[in-house]
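Line by line, the protein sequences are chains A and B. Numbered according to this note's numbering, the first sequence spans residues 975 to 1275. Numbered according to this note's numbering, the second sequence spans residues 16 to 285.
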Amino acid sequence: MLTRVSTYLYQRPRLILFLLLGPPMIYFLVVYLGSLIALLLNSFYYLEEFTGLVVREFTLETYGELFTPSNLGIFLRTAGMAAAVTVADALIAFPLAYYIAKFASPRARTWLYIAVTLPLWSSYLVRVYAWKLILAKEGIVSWFFEALRIDFALDWILSIPSIGGSSLSLSPIGMFIAFAYIWLPYMIVPIQTALERVPKSLLEASGDLGAKPAQTFRKIILPLAFPGVVAGSIFTFSLTLGDFIVPQSLGNSRYFIGQAVYAHQGTSGNIPLAAAFTMGPVVIMLAYLLIARKLGAFDAL
Amino acid sequence: MPSNSNGEKASLGLKLGALAGLLFLYVPLLIIFLYAFTTDETTYTFPPPGLTTKWFGVALGRVDLWRALALSMQVAAVATVAALILGTLAAAAVYRSNFFGREAISFMLVLPIALPGIVTGIALRSAIGTIGIPFSFWTIVIGHATFCVVVVYNNVLARFRRTSGSQMEASMDLGANSFQTFFHVVLPNISTALLAGGMLAFALSFDEVIVTTFTAGQQSTLPIWIFSQLTRPRDRPVTNVVAMFVILITFLPIFFAQKISAEASDVEGK
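Listed below in structure tokens is the structure:
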């Protein structure tokens, strides 16, 4: 019986393909793409203010609401944070990625790779929590500044209007540190991959032609690592744009995109506005991906 | 002294930079471990005024924590099983035939982790709300399965590409039917890839909070419990213990999954 079924199927590769592909495709088309389409539709509906009910009629009014000064401020603030975090992560990630790719022994490379990717897969929330402990007013950073008798420097940083706050754990600068921390592995891995692909012969040729190590680094290694940096920046940028955990935990009362989405769908039940808000990161990311493709980042993924 | 194949040595600056990056990744986690033992109940004072193990006992006695942990485990288990089935099917389809839209499938599977979590979260929430399904255990599972599939898919597809098709042909030539070939040849070949993918999927689901906040009703998974403590800290010492526990419980499966993948590519490289 089984053999007959098997033979029957063997002679019909199209049917096998259909059977294999059916379940995952049905799941993704219905559940995932269906939801994304529902989201897009919702962003063209609007919330009737008196009844608090969503009216399912086509309108661009909800998108219009995005362009109020306070909402534009949310977009700018979030994109600015994403850009700052991306630059910081590229700077912190590069030495470690370079060391792993070019200098570590094969054994050490495996271990370092695991050490970098462990935090990438896990404990996202706990790793945010760690900074709540570290940056608290009574926490380790303040203690460190006081022990060195330079607490005036910390106070000075916190008094800067747009990045400071009452303590590091309630300020944009604290958020910046936490963001840079949690997304760092996403930057290290693509840079390391890009650096590992730099052919040895190229470096030897550069040396043979009389370039000093610093010149080889600047003229050969950096340009070839750049697509890796861009690939990593896709993650750091996108993840920062969509996150509401960090601003909610470490930020002040000034909203980020993720928080705005969370707040609008939650307390006020304004799903249309929340949906329109998420189109912000989606559009920014699509534009970013187009630029990244031009810069050759997809080969480094 | 580490040096690369050109005999160049890493400069001191580079080594310090690499070390700084590594410390930046791990010191904060060690600080959580320290705080799990602090006697300080109401603040995050450093250095801790004293050390104690009593919070472990307190955490063990918390019913709400056990309930959240159980829910997280159940969700992760069901989402992982769903991801294993759907991911393996998709990988098998993409591996064995060249059909129109193959690239589109990879792209669609990766979308849930490429787009920001709030997009997936609010999309599912608005869809679930529109249809009128009550939020429950199953709505959480549906959310988690969407981003777990790609992990299994990537692992299994990579393994398929490394296995030579001749083994399957040999099995069929020797008279095994497709099912026998699957259970005796294909499954043993991809078993460690399934194990690695499954563990990663489990860890990803166990840890997820953004999509979950949108797809959960009144229940709270362990990450949601922690998130509530992040915004309104009421049980600081217990949260410290939970945080330490989460690091330990999620690092182990990921560590083994990575080891398996690293060893698999080593074997292939030789």
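The beta-carbon is built from N, C-alpha and C at its ideal position, and this holds for glycine as well.
Counting Cβ pairs, one atom from each stretch, are 3 or more of them under 8 Å apart for the stretch 1217-1229 of chain A and the stretch 210-217 of chain B? Under the Cβ criterion (8 Å, minimum of three pairs), the stretch 1217-1229 of chain A does not count as touching the stretch 210-217 of chain B.
Residue 124/B and residue 96/B: beta carbons closer than 7 Å? Result no, Cβ atoms of residue 124/B and residue 96/B do not sit closer than 7 Å.
Mapping DSSP to helix, strand and coil, what is residue 66/B? Correct three-state label for residue 66/B: strand.
Quick one: list the residues of chain B neighbouring residue 1157/A, beta-carbon separation under 7 Å, in chain order. Within 7 Å Cβ-Cβ: nothing; residue 1157/A doesn't reach chain B, min ~11 Å.
Residue environment, residue 189/B, which counts as buried when at least 16 other CB atoms sit within 10 Å: Exposed: under 16 other Cβ atoms inside 10 Å.
Pair within 7 Å by beta-carbon distance, residue 1269/A and residue 1220/A: Cβ atoms of residue 1269/A and residue 1220/A: not closer than 7 Å.
What is the rounded straight-line gap between the Cα of residue 1065/A and the Cα of residue 264/B? Between residue 1065/A and residue 264/B, the alpha-carbon positions lie close to 31 Å from each other.
Apart from the five residues on each side of it in sequence, which residues of its chain come closer than 6 Å, Cβ to Cβ, to residue 105/B? Within the same chain, residue 105/B has close Cβ partners 168.
So with CB distances below 7 Å, who are the chain B contacts of residue 1235/A? By Cβ distance, chain B contributes 133 and 137.
So, helix, strand or coil for residue 224/B, using DSSP? Taken through DSSP and simplified to helix, strand or coil, residue 224/B comes out as coil.
Exposed unless 16 or more other CB atoms sit within 10 angstroms - verdict on residue 1262/A: If you draw a 10 Å sphere on the C-beta of residue 1262/A, you find 16 or more other C-beta atoms in it, and that means buried.
Among 277/B, 232/B, 89/B and 279/B, nearest to residue 220/B - alpha-carbon criterion: The shortest Cα separation from residue 220/B among 277/B, 232/B, 89/B and 279/B belongs to 89/B.
For residue 165/B, which three-state DSSP category applies? In this structure, residue 165/B counts as helix in the three-state DSSP scheme.
Pairwise C-alpha distance: residue 40/B and residue 68/B: Residue 68/B and residue 40/B have their C-alpha atoms roughly 26 Å apart.
With a threshold of 7 Å on Cβ separation, who are the neighbours of residue 1075/A within its own chain once the five nearest residues in sequence on each side are excluded? When the five nearest sequence neighbours on each side are left out, the beta carbons in the same chain lying within less than 7 Å of the beta carbon of residue 1075/A are those of 1166, 1169 and 1170, in order along the chain.
Is the CB of residue 1210/A under 7 Å away from at least one CB in chain B? Chain B contact via Cβ: absent.
I'd like the list of long-range same chain contacts for residue 120/B, defined as Cβ closer than 7 Å, with 5 residues on each side in sequence excluded. Cβ contact annotation for residue 120/B (same chain, cutoff 7 Å, sequence separation greater than five): 105 and 109, in chain order.
For the 8 Å Cβ check, are there 3 or more pairs between the stretch 1141-1155 of chain A and the stretch 1102-1116 of chain A? Two segments are said to touch when three or more pairs of C-beta atoms, one from each, lie closer than 8 Å; by this definition the stretch 1141-1155 of chain A touches the stretch 1102-1116 of chain A.
Less than 7 Å between CB atoms is the rule here; does residue 36/B satisfy it with respect to chain A? Chain A places a beta carbon closer than 7 Å to that of residue 36/B, counting this residue as a contact.
Is it right to say residue 297/B is buried, meaning 16 or more other beta carbons lie within 10 angstroms of its own, or is it exposed? In the structure displayed, chain B extends from 16 to 285; residue 297/B sits before or after that span and is not available.
Starting from residue 101/B and walking both ways along the alpha helix (DSSP H), at which residues does that stretch end? Residues 78-111.
In this structure, how does DSSP classify residue 1247/A when only helix, strand and coil are distinguished? Residue 1247/A: helix per DSSP, three-state reduction.
Is residue 1019/A close to chain B? Criterion is C-beta to C-beta, closer than 7 Å. Judged by the 7 Å Cβ criterion, residue 1019/A is not in contact with chain B.
Which stretch, first to last residue, makes up the beta strand (DSSP E) that contains residue 1028/A? Per DSSP, residue 1028/A belongs to the beta strand (DSSP E) from 1027-1029.
Quick check: is the beta carbon of residue 1099/A nearer than 7 Å to any beta carbon in chain B? At least one CB atom of chain B sits nearer than 7 Å to the CB of residue 1099/A.
Pull up the CB-CB distance for residue 248/B and residue 73/B, whole angstroms please, since I reckon it's below 8 Å. Going by Cβ atoms, the distance from residue 248/B to residue 73/B rounds to 15 Å, so no, they are not a contact pair.
Would a check of beta-carbon distances place residue 246/B closer than 7 Å to chain A? The Cβ of residue 246/B sits closer than 7 Å to at least one Cβ of chain A.
Length at least 4, wholly inside the stretch 1033-1092 of chain A: the alpha helix (DSSP H) runs in chain order: The stretch 1033-1092 of chain A contains these whole alpha helix (DSSP H) runs: 1035-1039 and 1043-1076.
Determine which residues share a DSSP beta bridge with residue 1020/A and list them. DSSP output for residue 1020/A lists 1029/A as bridge partner(s).
8 Å Cβ shell around residue 1303/A - same chain, five flanking residues per side excluded: The structure shown does not extend to residue 1303/A, since chain A is modelled only from 975 to 1275, so the question has no answer here.
Can you find a C-beta in chain B that's less than 7 Å from the C-beta of residue 1060/A? Answer no: the Cβ-Cβ gap between residue 1060/A and chain B never drops below 7 Å.
Check the C-beta distance from residue 46/B over to residue 1114/A and give it rounded, since I have them as a contact under 8 Å. The Cβ separation is near 7 Å, so the contact holds.
Where the alpha helix (DSSP H) through residue 1194/A begins and ends: It is not in any alpha helix (DSSP H) - residue 1194/A carries neither H nor E in the DSSP assignment.
Thinking residue 1119/A and residue 1127/A are a contact (beta carbons under 8 Å), I'd like their distance in whole angstroms, please. In this structure residue 1119/A is in contact with residue 1127/A, their Cβ atoms being roughly 7 Å apart against a cut-off of 8 Å.
Exposed or buried, which one is residue 103/B when buried takes at least 16 other CB atoms within 10 Å? Residue 103/B counts as buried, since at least 16 other C-beta atoms from the protein chains shown sit within 10 angstroms of its C-beta.
Determine the chain B residues that contact residue 1140/A at a beta-carbon separation under 8 Å, and present them in chain order. Using a Cβ-Cβ cut-off of 8 Å, residue 1140/A is close to nothing in chain B; its nearest Cβ partner there is about 15 Å away.
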